[in-house]
Amino acid sequence: MVSYARVVKIVPERTAFFVCDIQDRLRGAVSNYDSVVKTAARMVRVAEVFKVPVVITEQLPRGDFRLTVFQATVPEVLDRFATLPESQRFGPYPKTKFGMLVPEVETMLSQKDIQSVVLFGVESHICVVQTAMALLAEGKDVHVLADGVSSINAEEVPIALARMRQAGASVTTSESLLYEMMGDASDSKFKTFAGLMKEEKSNISESLKSLLGNAGASV
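When you number the sequence shown by our numbering, it's gap-free, plus one each residue, and the end is 221.
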């Protein structure tokens with residue numbers, strides 16, 4: 003009997019963008035971190051076009067926990083986040099657990115009736131994987147951005163992506179996903195969207211090359 007993979011669709015009006023722990027202190031430690039930051043900033047910027055809620059979490063951002071302090075979300079992302087309407091901003095939420103599904107996030111998912119989650123951030127094999135698995139267990143459609151995740155050890159990334167795909171997540175790229183959300187060039191949002199994507203062209207190319215490079219086929 004032939005088995006077919008489930009098609010994971012993106013439902014724009016029931017979608018949220020999840021920004022996982024893209025924090026200042028990880029700069030210089032995580033492989034190709036600047037490319038992850040650029041992808042995250044772009045996604046937050048495009049969120050306004052689609053009126054998509056954005057959730058930000060921070061792992062141990064302060065010293066209250068008497069553990070390693072990773073500081074706040076990087077300004078490139080946080081400054082973009084601050085320009086969104088209040089109704090689209092959720093967080094930043096501090097956490098000690100590795101996954102993003104803290105009580106505030108669970109409440110948002112329920113209140114906003116979210117079905118599709120676009121996930122990006124660090125580290126791919128720890129916080130990102132655990133978030134994806136928790137969302138999948140709740141029956142959510144998870145879209146992981148291959149050009150928006152990384153780890154301190156780059157070798158962890160393809161394994162993490164493969165594990166998430168095997169569990170039922172869709173592994174895609176930021177540009178592919180955003181055009182899927184756009185859907186139709188006749189949409190009234192397309193002119194604004196196309197202009198933004200044109201401005202981001204070099205950043206998109208840079209992130210793809212640094213995070214995927216010649217390994218794209220194995221992702």
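Backbone N, C-alpha and C define an ideal beta-carbon position, used for all residues, glycine too.
Alpha-carbon spacing of residue i relative to residue j, whole angstroms
i      : j      : result
Gly218 : Asp189 : Unreliable positioning characterises Gly218 in this predicted model, as indicated by a pLDDT of 46, which lies under 50. The coordinate reading is nonetheless provided below. So the alpha carbons of these two residues sit roughly 31 Å apart.
Lys97  : Lys191 : 35 Å
Val119 : Val13  : 9 Å
Ile225 : Ala49  : Since the first and last residues shown for the chain are 3 and 221, residue 225 lies out of range.
Thr277 : Ala171 : A question about residue 277 goes unanswered here, because the residues of the chain that appear run from 3 up to 221.
Val51  : Ser126 : 27 Å
Leu214 : Ser152 : 10 Å
Leu180 : Leu62  : 31 Å
Leu111 : Glu140 : 10 Å
Gln113 : Lys53  : 16 Å
Leu1   : Asp115 : The structure shown does not extend to residue 1, since the chain spans only 3 to 221, so no value can be given for it.
Lys99  : Ile128 : 10 Å
Glu208 : Cys22  : 21 Å
Asp26  : Glu158 : 21 Å
Which listed residue (the options) has its alpha carbon closest to that of residue i
i      : options                       : result
Val104 : Glu60, Arg165, Glu88          : Glu60
Ser178 : Lys193, Met199, Leu163        : Met199
Val130 : Met184, Ser212, Thr85, Ile24  : Ile24
Thr17  : Gln90, Asp36, Ala43, Asn34    : Gln90
Met184 : Thr174, Pro55, Phe195, Glu106 : Phe195
Counted within 10 angstroms of its Cβ, other Cβ atoms place residue i as buried (16 or more) or exposed
i      : result
Pro87  : exposed
Thr75  : buried
Lys203 : exposed
Ala31  : exposed
Asn155 : exposed
Asp143 : buried
Gly150 : buried
Ala43  : buried
Ala169 : exposed
Ser37  : buried
The ligand ZN heavy atom lying under 7 Å from the CB of residue i
i      : result
Ser153 : As for the ligand ZN, it is missing from this structure, which has no ligand bound.
Run of the beta strand (DSSP E) containing residue i, from where it starts to where it stops
i      : result
Arg16  : Element bounds for Arg16: n/a, residue is neither H nor E.
Gly150 : 143-152
Gln61  : 56-61
Gly93  : 91-97
N-terminal and C-terminal residue of the alpha helix (DSSP H) that residue i is part of
i      : result
Thr109 : 105-113
Leu180 : 176-184
Proximal residues to residue i (C-beta, below 7 Å), its chain only, five neighbours per side dropped
i     : result
Glu78 : Val39, Ala43
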